[in-house]
Each structure stands twice: as structure tokens, then as C-alpha cells.
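As they're listed, the protein sequences go chains G and S. Counting in this note's numbering, the first sequence runs from 357 upward without gaps. Counting in this note's numbering, the second sequence runs from 441 upward without gaps. All residues carry an ideal CB built from backbone N, CA and C; glycine is no exception. In this text, all values refer to a predicted model and were calculated from it rather than measured experimentally.
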Amino acid sequence: MEIIINGIREGSLLIWSMDPEIIRVTLMSLQVSLSALLIAACLGIPTGAALALKEIPGRRLLLNITYTFMGLPPVLAGLMVYLALTTRGPLGQYQLLFTPAAMICAQILLAFPIICGLTARTVMAQQQEVYDTAVTLGASRRQAAQAIIRESRIGIIAALTTALGRLIAEVGAVMLVGGNIQGSTRVLTTSIVLETRMGNDSRAIGIGIILLTIAFSIIVFINLLEKRSFKNDAGIQIT
Amino acid sequence: MMPVFKLHNISKRYGQREVLHIDKLAIAERKIYSILGPNGSGKTTLMRIMALLTRNDTGTVQVLGEDIHWGKEQVLNLRRKMTMVTQTSFMFEGSVYSNVAYGLKVRGKKEKEIRPAVEKSLHLFGMSAFIGADARHLSGGERQKVAIARALALEPRVLFLDEPTANIDPRSAVEIERYVQFINREFGTTIILVTHNLFQARRLADEVFFLWDGKMIEKGSGQKLFEQAEDQRTRSFLTGETVF
């Protein structure tokens, strides 16, 4: 219990003192996770919507593969990126291993199936009447698909927040492809591992608090961005 | 006068079951038609084929003089000349304004054209006060009026109504019926009404098609059908003997 209390105290001090190392690590965490989220969203939302709405050959198989990859172990994602970027790998010539770019690649691999799979599910859950209403009001197929995606946005935001939660807290992949290099590829999660190994439990807990605070703030921010979507999201009222 | 729809030897199957088989059907402009029949008689399927929402398996469909070959452009152009109001009209998330404006937006209209059209349409149905209201928080009657305003803002040549008063109170239903007659009279819109409500069909329709088990077994003016139905099945339906 004392360790936790000390951790909370140390975390508060770290935030209060604006420790330059912590700021650098925090910014690196944000840069890596938000970049990965943005790229994965740009790829995953349209792919998920296409899988839900288009008659693609092997669609069921593709969906099952996507759902399987939603549970991809971070270390395995890291290993795949590592093998691709290592000097003997197909992308070795670009010398990206142990750089933030490699960490972003690994996190995209983790976030893409989550965003794609959950987008597909939420779009498929929409009723036929959304499409029918749009087309009977004169929408083209593309415009009707856009209407369905718009109606699915609560689910898509849930997909983004789920993916972000996974990315910001992820350690295995970034450790493997980033190497936890101070001043270069060290992020909050890898710092926690390092501090724990060094016996600085309180400092590790402190960094953990910063991590949670950041995750919470980003999720609140995303929800605020789509405030209108949640206006009617009062849920089922059980009386 | 060119028929709005001409159907010839149309059929539709779902699995092994043939749900619709119409030998011949023509719909003239500026009239109100009612498609009547018990559950599962193929009313909605027939309407969806005419509205180009469902493909027929056999036969030919002609809409506004064009043979339908299901090309993307052709279907889109023809769909934009008709619209539909269903019994549980779906409202997109957002305001009443954004819902009524939707059809105009997808047609590429500018905001300065959209706003007056939306306001005019809502005004016609006494819904001006709801322009900024959340469309998902309307009562059943209000929702149907907004759905009709949304349809009318598009100035359609054909308006399909699928059980438009099924889920609303009698007073709102009477109001909706008046609006249907008004739209037909003032704008010359052809109206195709699918209903279970015999009295509504009789009150509104110039011509009634009676469907039974996917086939059109009788047609005629509302009065003729109700007073001198030739087919025993029609008579049993109209007198309420048919058990659904």
C-alpha cells in the first residue's frame, strides 16, 4: 500500500515538476500512438465499411481473419515488424528498426484489425431501412453507404477508443522494434518496465498514473469531438 | 397519357417460394392507387419492384417510359423521380431540417436552394415549429408528417406510401390522409398506397389492386371493388371473413 501511495505522490511530483525526461517520453508516447491510430483509422474504417457493405469474394473469410487478428499478441506484431525491418528483412534497406517509425508500424498492425473489425460489425448491425431510406430519397449507392457509416459513428468511435486503449498501454511491440532507447524510442510503457526492473517502483507507478491520465484525457476528447453522436445515447432506461 | 409504370409478366421468388407473379399492370399518372391484400400477399414486394428497390426475377418493368435494365445511372435517375414513406419512417440522426434537406443535398442542391424548399415543405404540413427539433424525438404522427414533408420537398412524380398510418393515432391518420389527397390534387403526384386498411383504400384510391398469394386477383375502382367484388376471396377479405 505504501508503494502505491508513494507512487501517487511521485507521479504528482513528476507532473508538477515538469521533469524533462518524462515530458519527452510522454510526447513520444503520444506521437507514436496517435500517429498509429490515425493511420490505422484511415485504413481500417473504409476497409471495415467495405467488408460490411460490398459483395467481395471471400468476405466471410476476410472478416474471420480480421476478427482473429483483433486479438493479435503485441509481441507477435512486434516480431512481424522486426522481421520485416531487420537488415536481412525485405524492408531492411530503409533502416527503420529502433526508430519511432518502426514503433508506429507495429502499432498500426495492432490497431488496424480492431478498427476494421469493429467498424464492419457496427456497419453490419445497421438496419436495411437506413439504406432504403437513403436510396428512396435519391442517394446513389455511395451516398447511401456514407449515410450508413454516418449512422454507425457511435460504434466507430467505440472502435477508435478501443484501439487507442490498446495502443497507449501496449509495451511488447514497441519494446521489440523500438528498443527503449533513451531520448529516441522510450515511451511511457517501456519506461515503466525499465523503472520496475531498476527497483524504482514508486517512479514506475507515477509514470503509470501519467499514462492513465493521458488515456483518459484522449478518450474524453474523442467523445467530445463527436458529442452530437452521444446526445441520444441515453441507453436503455431501466425503471 | 404515358403510364408511370408498366409491368409485364413479373415474378419474384424467395428461395423456393414464388411470392409475386403479376401478368400485367399499368399505373397512370396523377392518380391514387391502393394495393390491398392480406399479409404475405406480395404487396410490399410489388411496391419495392416498382420503386426499383428489389429486382424482379422474370418479366419486364417499365418506369416513366423506360425499360429497366438496372444500370446504375438509369436506376439512380429514375429513383430520383419517386420516393417512399413507410410505416415506421426512419429518421437519420440529426434535426428535422437535416432530414428534410437530405434528399436535396444528395441531388447536389446548394444550401440557398435547400433552406426555402425545406421550410416550404414543413410549412405545408404544419411542422415549421419542429425545424430544429431532434428528428428521433418526434411522436409517431409528427414523424410521419416530417417523412411526408421530406418526400414532398423532392417534388416527386410518384410517392409510395407503405402503411403510412399503421402506427399512429386515428386523428393523425385522418390528417395524413388529407395530406395525401392534397399532394395528389395540388402537385399531380401519382400515389401508390399499400395498406391493410380497407376503409382508407376506399376513401383515397381511384383504383384498387387486390393481391392474394402473390397474384393480382381483382382490380377496379374502390367503390366497385367494395360493392361488387367478383372474386370470392376478395369478398371474404372485405367482409373480414379471412383469418390472417
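Look up residue 715(S) in the DSSP assignment and say whether it is helix, strand or coil.
Summary: the structure shown does not reach residue 715(S), with chain S confined to residues 441 through 684, and so no result is reported for it.
For residue 491(G), return the contacting residues in chain S, with the cut-off set at a CB-CB distance below 8 Å.
Neighbours of residue 491(G) on chain S, chain order: 493 and 519.
If we call anything under 8 Å between Cβ atoms a contact, is residue 582(S) one with residue 568(S)?
no
If you follow the alpha helix (DSSP H) that residue 652(S) is in, where does it begin and where does it stop?
It is not in any alpha helix (DSSP H) - residue 652(S) instead sits in the beta strand (DSSP E) that spans 647–652.
Just the C-alpha distance for residue 478(S) and residue 655(S), rounded to the nearest angstrom, thanks.
12 Å
On the criterion of 16 or more Cβ atoms from any shown chain inside 10 Å, does residue 473(G) qualify as buried, or is it exposed?
Answer is buried; the Cβ neighbour count reaches 16.
Name, in chain order, the residues that DSSP records as bridge partners for residue 447(S).
465(S) and 501(S)
Between the stretch 390–407 of chain G and the stretch 463–477 of chain G, do at least 3 Cβ pairs fall closer than 8 Å?
Yes, the stretch 390–407 of chain G is in contact with the stretch 463–477 of chain G.
What does the alpha-carbon distance come out to for the pair residue 564(G) and residue 358(G)?
As the crow flies, the alpha-carbon of residue 564(G) is around 16 Å from that of residue 358(G).
I'd like to know if residue 451(G) contacts chain S, where contact means its C-beta is closer than 8 Å to some C-beta of that chain.
no
Name, in chain order, the residues that DSSP records as bridge partners for residue 452(S).
460(S)
Check whether residue 596(S) and residue 525(S) have beta carbons under 8 Å apart:
Taking 8 Å as the cut-off, the beta carbon of residue 596(S) is found no closer than this to the beta carbon of residue 525(S).
Determine whether the beta carbon atoms of residue 450(S) and residue 501(S) lie at a separation below 8 Å.
yes
Where residue 425(G) falls: helix, strand or coil (DSSP):
helix
Using DSSP with H/G/I as helix, E/B as strand and the rest coil, what is residue 522(S)?
DSSP places residue 522(S) in strand when its eight states are reduced to three.
Can the beta-carbon of residue 419(G) be found closer than 8 Å to that of residue 407(G)?
It is a contact, given that the beta carbons lie within the stated cut-off.
By how many angstroms is the C-alpha of residue 590(S) removed from the C-alpha of residue 612(S)?
17 Å
Under 7 Å by beta carbon: chain S residues contacting residue 488(G)
493
Under the three-state DSSP convention, the category residue 543(G) falls into
coil
Counting only Cβ-Cβ distances shorter than 8 Å, please list the residues of the stretch 542–569 of chain S near chain G, keeping chain order.
Within the stretch 542–569 of chain S, the qualifying residues are 542, 543, 546 and 547.
Simplified DSSP state of residue 471(S), which is helix, strand or coil
coil
Proximity winner among 632(S), 584(S), 505(S) and 507(S), relative to residue 615(S) (alpha-carbon distances):
Of the candidates 632(S), 584(S), 505(S) and 507(S), the residue whose Cα lies closest to the Cα of residue 615(S) is 584(S).
Determine the direct distance from the alpha carbon of residue 514(S) to that of residue 621(S), and round the result to whole angstroms.
30 Å
Does residue 368(G) come out as helix, strand or coil in the three-state DSSP assignment?
helix
Look up residue 656(S) in the DSSP assignment and say whether it is helix, strand or coil.
The three-state reading of DSSP puts residue 656(S) in strand, counting E and B together.
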